[in-house]
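S.K.: In the numbering used here, the protein residues as written are 1 to 269. Cβ coordinates follow ideal geometry from the N, Cα and C atoms, glycine included. Please read all numbers here as calculations on a predicted model, not as lab measurements. Have a look at this one.
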């Protein structure tokens with residue numbers, strides 16, 4: 001589920017970091033469950049940037065130098081794009097309604113696909129114009145995370161399955177069960193396909209898992225428990241960690257959370 005928590009509005013001021021404090025190593029010493037044998041993947045935080053605190057982040061995609069973001073929360077749902085490093089929003093489509101809750105996005109063959117949660121609608125846009133839906137699909141399940149492998153769309157629905165879908169018809173081509181050594185793993189949310197693997201947030205945790213899309217096996221995990229300083233949450237409506245996008249040129253990830261004031265750029269070690 002995508003719970004929306006109540007909040008008290010407080011005035012908030014964001015000051016971005018300077019070059020002296022933006023590099024931080026995260027060692028390979030993060031604890032994990034003794035019932036699983038998932039490798040802990042170390043990473044380095046190389047920078048942090050401003051992030052739109054109005055966005056209830058559900059999907060991120062880095063494409064042609066711009067960061068595309070899908071934010072949920074029913075009538076507040078948006079599809080927007082901007083500069084990842086300044087946080088400036090350049091285009092925004094306020095596409096939400098009382099029933100339409102925006103979810104994961106991906107870009108394939110010049111088209112941007114956007115899932116919705118309980119209405120099961122899938123909106124398709126020309127990536128050059130995110131303000132106009134050019135095609136719409138309806139399918140049987142809740143929409144959660146979305147990515148692609150260059151041929152198929154790959155998505156999750158809140159359970160423990162990866163669905164491989166035809167982008168032209170939205171027909172399911174294959175289903176793979178996500179699991180670790182302890183069994184099925186569900187609530188896999190925002191997705192990113194990188195170098196033959198699917199990376200995904202586990203909803204309501206600070207973990208990103210690395211999934212073998214052929215078998216569904218989780219082959220690695222990154223933990224972000226200490227990513228956002230508690231002081232950065234003061235005066236904001238910041239909620240859970242969610243959002244992962246890959247810059248294939250820099251070979252880095254952008255990660256953030258729902259209504260977080262910061263976006264972090266990381267490099268897998």
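In the DSSP assignment, find the alpha helix (DSSP H) that holds residue 233 and state where it starts and stops.
M.R.: Segment 230-233, the alpha helix (DSSP H) holding residue 233.
S.K.: What whole-angstrom Cβ distance do residue 82 and residue 66 have, given they're in contact under 8 Å?
M.R.: 7 Å between Cβ atoms; contact.
S.K.: Which complete alpha helix (DSSP H) runs does the region 149-212 hold, if anything under 4 residues is left out?
M.R.: Listed in chain order, nothing qualifies, since the region 149-212 has no complete alpha helix (DSSP H) run of 4 or more residues.
S.K.: Tell me the residue span of the beta strand (DSSP E) that contains residue 222.
M.R.: Its beta strand (DSSP E) spans residues 218-223.
S.K.: Can you give me the Cβ contacts of residue 145 inside the same chain, cut-off strictly under 7 Å, excluding the 5 residues immediately before and after it?
M.R.: Only 104, 155, 156, 188, 189, 190, 191 and 200 meet the Cβ criterion.
S.K.: Below 7 Å CB to CB, which residues in the same chain sit around residue 170 once its five sequence neighbours on both sides are set aside?
M.R.: Cβ neighbours of residue 170 beyond the five flanking positions: 122, 137 and 139.
S.K.: Once the 5 residues before and after residue 63 are set aside, which same chain residues still bring their CB inside 8 Å of it?
M.R.: Taken in chain order, the residues that qualify are 107 and 127.
S.K.: Just reading off the beta strand (DSSP E) that residue 135 is part of, what are its end residues?
M.R.: Per DSSP, residue 135 belongs to the beta strand (DSSP E) from 129-138.
S.K.: Using the DSSP secondary-structure output, state which residues sit across from residue 111 in a beta bridge.
M.R.: BP columns for residue 111 point to 108 and 126.
S.K.: In chain order, what residues of the same chain have a beta carbon less than 7 Å from the beta carbon of residue 177, not counting five sequence neighbours either side?
M.R.: Answer for residue 177: 160, 161, 184 and 216, listed in chain order.
S.K.: Suppose you measure from the CA of residue 97 to the CA of residue 209; what does that come to, to the nearest Å?
M.R.: In a straight line, the C-alpha of residue 97 is about 31 Å away from that of residue 209.
S.K.: On the DSSP letters alone, give me the boundaries of the beta strand (DSSP E) that residue 61 sits inside.
M.R.: 57-63 is the extent of the beta strand (DSSP E) around residue 61.
S.K.: Based on DSSP bridge pairs, tell me the residues matched to residue 47.
M.R.: Residue 47 is bridged to 265.
S.K.: For the beta strand (DSSP E) containing residue 241, list its first residue and its last residue.
M.R.: Run containing residue 241: 241-247, per the beta strand (DSSP E) assignment.
S.K.: How about residue 257 and residue 234: are their beta carbons less than 9 Å apart?
M.R.: No, Cβ-Cβ distance for residue 257 and residue 234 is not below 9 Å.
S.K.: Locate the beta strand (DSSP E) running through residue 68, then write down its first and last residues.
M.R.: It spans 66-71 - the beta strand (DSSP E) in which residue 68 sits, taken as one unbroken run.
S.K.: Tell me the rounded alpha-carbon separation between residue 124 and residue 59.
M.R.: Rounded to whole angstroms, residue 124 to residue 59 spans 14 Å at the Cα level.
S.K.: Looking only at its own chain, which residues have a Cβ that is under 7 Å from the Cβ of residue 134, when we skip the five neighbours before and after it?
M.R.: Cβ within range, chain order: 124, 125 and 126.
S.K.: Could you check what DSSP says for residue 75 in three-state terms: helix, strand or coil?
M.R.: Note: residue 75 maps to helix in three-state DSSP.
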